[in-house]
Amino acid sequence: MKLGPALLTAHLWLVLAFLYVPIVVMVVLGFNASPLYALPFQFDLVWYRELVGNAKLIDAGIHSVGIAIVNTIIATTFGTMAALAFARYQFRGKTILQLLLFPPVAIPWLVIGTAMLVFFYWIDIKRGLFAILLGHVALSLPYVIVVVGARLATFPRAVEEAAATLGATPFQTFRRVTAPLLAPGVIGGALFAFAVSFDQFVISYFLAPPGVTTLPVEIYGAIRKGFTPEINAISTIIIVVSMGALLLTARFYRFGGER
Amino acid sequence: MSKTNSRITRRRFVAGAGAIGLGAATGVLAAPRIVRAEGKITVLNWQGYGTDEAWAVEAFKKATGIEVVHDYFNSEPEMITKLRTNPGAYDVVLTNSAWNGVASGEELIQAIDTSQIKHFADLNPSLRDSALLAKDGKVYGVSWVWGMTAIAYNTEKFNPAPDSVEVLWDAKNAKRVSVRDDAVEAVSYGAIATGQDMNHPKDIEKVKAKLLELKPQIATLWSSEDEWNKLFQSGTFDVSVYWSGSAARSKTNYKLPVGYMVPKEGGIGWFDGLAVASNAPNNSGAHEFINYMVDPTFYVEWATKVGAPASANPKANDQLPAEDVGRQIHSDQAAIKRLQFMAPLTDEERQTFSDLWTEVKAEFAK
Amino acid sequence: MAVADRRNRGAILALTGPAYLWLTATIFLPLSAMLYCSFLAKSPLVPAPVSYTLRHYEAFVDKSVYQQLMLWSLQMGAIVTICCLVIGYPAALALAKVIKGRWREAMFLMVVLPFWSNALVRTFSWTLVLRPFDLLYSYPAVIVGLVHSYLPYMILTCYISLQAIDDSVIEAARSLGARSGALFRRVVFPMSLPGVLAGSALIFVPAVGSFMEPRILGGAKGATLGMAVEDQFTVTANWPFGAALSFLMLGAVLLICLAVYPAARKRMEGL
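Residue numbers (this note's numbering), protein chains in the order written: chain R, 8 to 266; chain U, 39 to 404; chain P, 154 to 424.
Structural data, given as structure tokens:
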């Protein structure tokens with residue numbers, strides 16, 4: 008009896024170690040002097056100093072975060088609503104709508120990006136932060152819908168029905184029963200939406216006007232031109248800030264789940 | 039929803055699709071920019087390829103008052119697409135000699151007024167007057183830089199220096215070779231190694247067979263100069279096909295033990311020209327900028343500070359210090375004679391090369 | 154589940170409307186144009202008279218290399234998905250049922266964090282890790298990189314499903330005499346199947362089209378269909394062919410998912 012949980016816990020720790028191998032390497036090399044990532048390791052803060060003066064990279068980072076946050080709010084809201092409809096109702100065309108979630112995830116971004124650019128120009132949506140947001144939300148929606156949908160499918164619906172038979176109105180049921188039980192799914196969807204947007208490169212490349220870039224676009228350009236550990240430095244900062252944001256949110260919402 | 043669908047008639051598709059582009063165009067969609075302000079030009083080029091050097095842009099602005107704004111492309115088809123789909127957005131465009139004809143054929147670029155280019159007469163005649171940069175007797179591209187794509191090797195591992203293209207196929211070098219992941223370049227070297235015209239090889243199957251023989255040789259494929267530097271420095275490969283200007287840079291700036299040679303069987307030569315886009319908002323500014331680019335003062339600083347391919351202006355090359363690595367590489371007259379220069383390819387030829395390279399890469403992956 | 158009738162129709166429209174209107178304007182319409190483009194003889198931007206052809210699709214049938222690449226890409230997607238499942242599900246189980254309290258929260262956050270690092274930087278870091286062990290530029294390196302990228306997806310979706318399973322259900326089954334093995338097989342796993350399926354779909358579908366990690370970690374060994382699609386846009390400017398390959402890939406992925414879904418549905422229905 009005790010062996011099972013112990014093995015599982017050990018496995019989890021190993022998985023975490025695996026997940027952090029490149030992260031640790033990335034952070035450590037942000038403090039390495041060599042611009043070519045050559046060893047032996049020589050501690051140096053030069054890349055962080057360079058970063059301070061690199062307004063372009065910092066701006067790109069800020070754009071990325073801003074777009075990702077707005078994207079998360081919109082995609083999570085619309086996606087959750089759609090997932091609710093799929094879970095609660097049976098209707099004609101439902102399967103088609105579900106199948107239509109495949110193209111955004113399956114078609115290579117290069118093709119989607121080209122198609123979007125062409126189409127936006129045609130209907131006169133100018134390149135810019137709004138166009139980028141349009142693209143990011145579109146790519147995030149399938150993820151939110153699927154993740155929230157999975158939660159809804161495992162849902163103990165009996166609880167909702169019980170509440171109804173006990174006299175709760177649909178609204179009360181939603182607020183006090185459905186919503187809290189749904190929350191982890193919605194949070195999960197939100198985490199996906201943020202990740203999809205924050206890491207999105209191709210769509211941003213196509214739809215960004217000059218002077219406005221996002222971090223992934225800058226990083227990709229840097230790869231062609233000269234990829235220095237400055238990239239590691241800003242990535243490390245982003246990780247630290249993200250960790251901080253998550254910890255802060257954890258004060259108000261227990262990610263681990265309740266009860 | 040159905041209303042939107044019915045409006046999509048075939049003609050609208052074609053008309054709409056025909057007006058569109060790939061990639062971000064500088065300034066084209068900013069509403070107020072209908073009349074371009076005097077004193078500004080937009081340059082379309084590779085990123086980090088001379089025209090966007092911060093000090094150069096600043097010097098140019100000081101001298102002429104014109105501000106330089108850049109937009110970039112990551113491949114030549116992208117360059118053409120950006121020109122096609124953003125008329126009136128660009129002033130100066132970098133066109134490779136193999137692509138200038140495509141651009142001028144579609145009237146995406148306009149004839150250069152050579153009287154506005156002070157240094158035009160100084161340029162190397164074989165580049166300056168090249169038919170590849172002209173149309174109907176008029177100049178459509180000012181030759182700017184030229185270079186070679188030949189063999190770079192690790193001087194610490196190869197002694198004496200290799201001189202044949204067969205060094206890439208030599209079994210002694212198994213898993214120590216690299217080539218660029220580019221269909222045209224790969225096919226070109228396959229053709230050179232089989233003694234054929236690299237632009238229009240007669241026996242394409244022979245080229246494919248030769249390339250397939252590279253399978254045990256290849257450590258990996260590279261696709262950018264930065265990647266090349268990192269791979270070379272870590273000893274992933276010791277010999278590869280590489281650009282001449284980049285080799286000079288790798289040696290000078292990164293102190294890598296790079297040797298460079300043009301094989302006796304031949305190598306690839308190329309040159310780039312600066313063109314003026316059709317409907318350029320600032321035509322005179324475009325010409326001024328091009329003139330600055332072929333000026334020795336710009337070139338010498340670019341080549342010595344950063345590293346560059348050879349200038350099309352011999353006077354500029356002569357002003358480089360004798361020990362400059364780039365100068366040494368590009369003044370080897372015997373090597374230059376062995377070069378085959380890149381020529382324009384038809385869509386069908388390009389597709390054939392691409393399909394061939396895809397098949398070769400699939401074999402490599404097996 | 155409520156069947157649609159006049160009362161519910163409003164609710165359904167209101168709930169699905171925003172998401173699908175957005176998707177239509179930004180994805181479906183543009184992709185329709187791309188689908189149309191795949192039947193054009195020349196790229197839509199070339200100044201030439203418009204003509205239609207099936208030859209881009211025929212090229213896929215005629216040239217075995219593209220079929221080969223398609224097969225490899227599908228295989229790669231499947232391997233990555235299975236690895237993520239085998240590695241990720243137990244981790245999610247540990248997180249949902251074994252770890253408690255503050256630890257659970259902390260570890261959950263730790264699982265999510267790498268999710269938000271930039272994929273290119275992560276992949277590049279993997280090259281630095283794998284090179285000293287001579288594991289770089291090999292197929293396993295590609296799998297390692299892709300599994301690493303997609304593992305948090307699986308852990309997250311499985312966790313969300315597992316965490317919804319009420320402990321009281323498990324206790325009840327136990328008190329009725331069920332042993333751990335049977336308990337897992339017959340109660341826990343089937344109940345968490347939605348999470349498993351969600352994670353699998355969200356991993357398999359994009360993994361099939363990946364080409365960045367194969368290129369960076371696999372070198373010459375990293376040939377995929379995504380790479381061929383990329384070439385049609387950056388080398389040959391043959392958009393119709395690139396579009397045709399993409400839609401063929403979409404078709405293949407849809408077929409596979411549709412084949413798997415009914416079998417999974419049956420197991421879920423047993424709840």
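Cβ atoms here follow ideal geometry from the backbone N, Cα and C, with glycine treated the same way. Because the structure is a prediction, the values reported are computed rather than measured.
- The beta-carbon separation of glycine 362 (chain P) and methionine 402 (chain P), rounded to 6 Å, stays under the 8 Å limit for a contact.
- For threonine 258 (chain U), the enclosing beta strand (DSSP E) begins and ends at 256 to 260.
- Scanning U:Pro334, U:Phe275, U:Ala285 for the CA closest to the CA of asparagine 211 (chain U) turns up U:Phe275.
- Inclusion of proline 115 (chain U) and threonine 387 (chain P) in the CB contact set at 9 Å is warranted, their separation being smaller than that value.
- For valine 140 (chain U), same chain residues with a beta-carbon under 7 Å away, outside a window of 5 residues either side, are Ile118, Pro382 in chain order.
- The DSSP-derived three-state label of aspartate 370 (chain U) is coil.
- Sequence-ordered contacts of the segment 222 to 249 of chain P with chain R read Ile240, Pro243, Ala244, Leu246, Ala247, Leu248 [C-beta pairs closer than 7 Å].
- Listed in chain order, the non-local C-beta contacts of methionine 123 (chain R) below 6 Å within the same chain comprise Gly142, local neighbours out to five positions each way being set aside.
- For glycine 185 (chain U), DSSP records a beta bridge to U:Trp308.
- Taking a Cβ-Cβ cut-off of 8 Å, aspartate 220 (chain U) has no neighbours in chain R, whose nearest Cβ is about 14 Å from it.
- The Cβ neighbour count for alanine 360 (chain U), taken over all protein chains shown within 10 Å, is under 16; the residue is labelled exposed.
- Taking a C-beta distance under 9 Å as the contact criterion, valine 31 (chain R) and asparagine 239 (chain R) do not qualify as a contact pair.
- In terms of beta-carbon proximity, alanine 200 (chain R) stays away from the interface with chain P, with every pair separated by 9 Å or more.
- Nearest CB-CB separation between serine 216 (chain U) and chain R: not below the 9 Å threshold.
- If one requires a minimum length of 4 residues, the alpha helix (DSSP H) runs lying completely within the segment 231 to 288 of chain P are 254 to 265, 272 to 283, in chain order.
- Taking the Cα positions, glutamate 383 (chain P) is about 31 Å away from threonine 83 (chain R).
- Residues of the segment 226 to 258 of chain R with a C-beta less than 7 Å from any C-beta of chain U: Gly228, Ile230, Arg231, Lys232, Gly233, Phe234, listed in chain order.
- Looking only at R:Ile245, R:Glu237, R:Pro187, R:Lys232, the smallest Cα-Cα distance to alanine 202 (chain R) is reached by R:Ile245.
- P:Met344 is the residue among P:Gly395, P:Gly379, P:Met344, P:Ala373 whose C-alpha sits nearest the C-alpha of isoleucine 323 (chain P).
- Rounded to whole angstroms, leucine 159 (chain R) and glycine 334 (chain P) show a C-alpha spacing of 26 Å.
- Per DSSP, glycine 192 (chain R) has no beta bridge partner at all.
- Collapsing the DSSP output to three states places arginine 134 (chain R) in coil.
- The beta-carbon of threonine 206 (chain P) is placed no less than 9 Å from the nearest beta-carbon of chain R.
- Interface with chain P (9 Å Cβ-Cβ cutoff): valine 77 (chain R) is excluded.
- Close to chain P, meaning a Cβ-Cβ distance shorter than 7 Å, is no residue of the segment 173 to 197 of chain U at all.
- Straight through space, the alpha carbons of phenylalanine 192 (chain P) and tyrosine 280 (chain U) are spaced by roughly 38 Å.
- In the DSSP assignment, threonine 133 (chain U) falls outside any alpha helix (DSSP H) and within the unbroken beta strand (DSSP E) covering 130 to 134.
- For lysine 78 (chain U), the enclosing beta strand (DSSP E) covers residues 78 to 83.
- In this structure, the straight-line span from the alpha carbon of histidine 368 (chain U) to that of leucine 227 (chain P) is close to 47 Å.
- The shortest CA-to-CA distance from alanine 167 (chain P) to any of R:Phe162, R:Gly86, R:Glu225 is the one to R:Gly86.
- Chain P places no beta carbon closer than 9 Å to that of isoleucine 230 (chain U), leaving this residue out of the contacts.
- Under the rule that a run must span 4 or more residues, the alpha helix (DSSP H) segments found entirely inside the segment 49 to 114 of chain R read 53 to 60, 62 to 95, 101 to 106, 109 to 113.
- Taking all protein chains shown into account, glutamine 389 (chain U) has 16 or more neighbouring C-beta atoms within 10 Å of its C-beta and is therefore buried.
- Distance from the CA atom of glutamine 234 (chain U) to the CA atom of glycine 307 (chain U), rounded to whole angstroms, is 15 Å.
- The C-alpha of glycine 305 (chain U) is placed about 7 Å away from the C-alpha of methionine 186 (chain U).
- A straight line joining the alpha-carbon of glutamate 167 (chain R) with that of glycine 174 (chain R) spans about 11 Å.
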